[in-house]
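Sequence positions in the sequence shown follow our numbering and run -2 to 263. Virtual Cβ for every residue (Gly too), placed ideally from N, Cα, C. Report on the structure given below.
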Amino acid sequence: MTTTPPQPSATDTGERVQAVDEHGERVQHMFSDIAHGYDRANRIMSLGTDVRWRRQAVSDLLPPALAAAAQAAGRRARLLDLCAGTLDSTIEIHRRFPEADIIAGDFSIGMLETGRAKLRGLAAERITTRDMDAHSLPEDDRDLDGIFCAFGVRNLSEVERATAEMARCLRPGGRLTVLEFFRPEGLVTRVVHTLHNRTVLPLVGWASTGNLGAYRYLPRSIGEFLSVADYRALLERHGFVDVTCTRLTLGIASIVRATRGPTEAA
């Protein structure tokens, strides 16, 4: 049984938009400020495992059946890298699916500008970068074959609203893949998270970017975010099916994959 996601009423829409703007502006400025050292900090803090995590996460973003359907319709598959940041995931997606058209969207211009330099030598006609708000995606209904988001959902002002947007833009059968630091639940994972987030993350983040506040915010955002179980329930409320989770490196990070279920209009 497919449930219809709740829609904001006319009276609460303005309040929701204002909350998104206030939180979003702070996060936007923060990421633009740390963009110059963001990749270096990630490599050091994860000992390079973030590269392997991304590669594993994007490996099946475009299932063969969807690729074949796009080809049969005489079009290229369309994939969105949401909260694309400095475009590490975008490049990995392009390497894995070179025939697909890829849109890389982020609302931090600083992050996108840092990432664009990495695109030299790649098939530029296949990759489009756009200033983009996840809460109001500039894509048509049921127009995307896949959406990927690495370490971005946790920073959204309105996860529910952004999830509804992803569901709207995906074709029935389209794939959503989210690589994220979800709120840890197991004892071992909580201990590892706490030690890493209180010591390694702020020190390396400050040394790499000069912004200690940003790397104090990031651990807090993990503790205040959803657990995997909570996120699974949210996806199912918005019409996603076949939701699975792969835990990485003692559960420090997780890959959540889901398929857009059938829609009434499909």
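I need the DSSP call for residue i, collapsed to helix, strand or coil.
i, result
"L116", "helix"
"A70", "coil"
"F94", "coil"
"D128", "strand"
"L285", "In this structure the chain extends from -2 to 263, so residue 285 is not present and cannot be described."
"D137", "coil"
"T260", "coil"
"G236", "coil"
"I241", "A small fix is needed here, since residue 241 is Thr in this sequence, not Ile. If DSSP states are grouped into helix, strand and coil, T241 belongs with the strands."
"G21", "helix"
"G102", "strand"
"S6", "The predicted model places S6 with a pLDDT of 34, which falls under 50 and marks its position as unreliable, so this point remains unresolved."
"L84", "coil"
"S29", "helix"
"P61", "helix"
"A231", "The amino acid at residue 231 is misidentified as Ala; the sequence shows Leu. L231 falls in the helix class under three-state DSSP."
"M(-2)", "With a pLDDT of only 36 at M(-2), under the threshold of 50, the placement of this residue in the model should not be trusted, and no figure is reported."
"E157", "helix"
How far does the alpha helix (DSSP H) with residue i in it reach, from first residue to last?
i, result
"L176", "Here L176 belongs to no alpha helix (DSSP H); instead the beta strand (DSSP E) covers 167 to 177."
"S251", "From DSSP, S251 is part of no alpha helix (DSSP H) but of the beta strand (DSSP E) over 250 to 257."
"R52", "46 to 55"
Cβ atoms of residue j and residue i: under 8 angstroms apart, would you say?
i, j, result
"D78", "F104", "no"
"I99", "L76", "yes"
"C80", "G149", "yes"
"R151", "S218", "yes"
"I124", "H91", "yes"
"F273", "A161", "It is not possible to answer for residue 273, since the shown part of the chain is limited to -2 through 263."
"A74", "D142", "yes"
"M42", "V188", "no"
"A226", "V240", "no"
"L109", "T126", "yes"
"A267", "S224", "Any question about residue 267 goes unanswered here, given that the chain covers just -2 to 263."
"F178", "Y228", "no"
"E122", "C166", "no"
"R158", "R257", "no"
"E89", "R51", "yes"
"L245", "P216", "no"
Along the beta strand (DSSP E) that carries residue i, what are the first and last residues, could you check?
i, result
"R75", "75 to 79"
"A147", "141 to 147"
Taking 8 angstroms as the threshold (beta carbon to beta carbon), is residue i in contact with chain D?
i, result
"E96", "Note that chain D does not occur in the displayed structure, where there is just one protein chain."
Looking at the ligand HEM, does it come within less than 7 angstroms of residue i, judged from the CB to the closest heavy atom?
i, result
"V225", "Ligands displayed in this structure: none; no statement on the ligand HEM is therefore possible."
Closer than 8 angstroms is the cut-off here; do at least three beta carbon pairs connect the segment 114 to 132 with the segment 62 to 71? no
Ranges of the alpha helix (DSSP H) found wholly within the segment 180 to 229, counting only runs of at least 4: 184 to 192, 198 to 206, 209 to 220
Inter-stretch contact (C-beta, 8 angstroms, three-pair minimum) for the segment 246 to 257 and the segment 201 to 210: no
Check whether the segment 187 to 207 touches the segment 229 to 241, taking contact to mean three or more Cβ pairs, one atom from each stretch, closer than 8 angstroms. no
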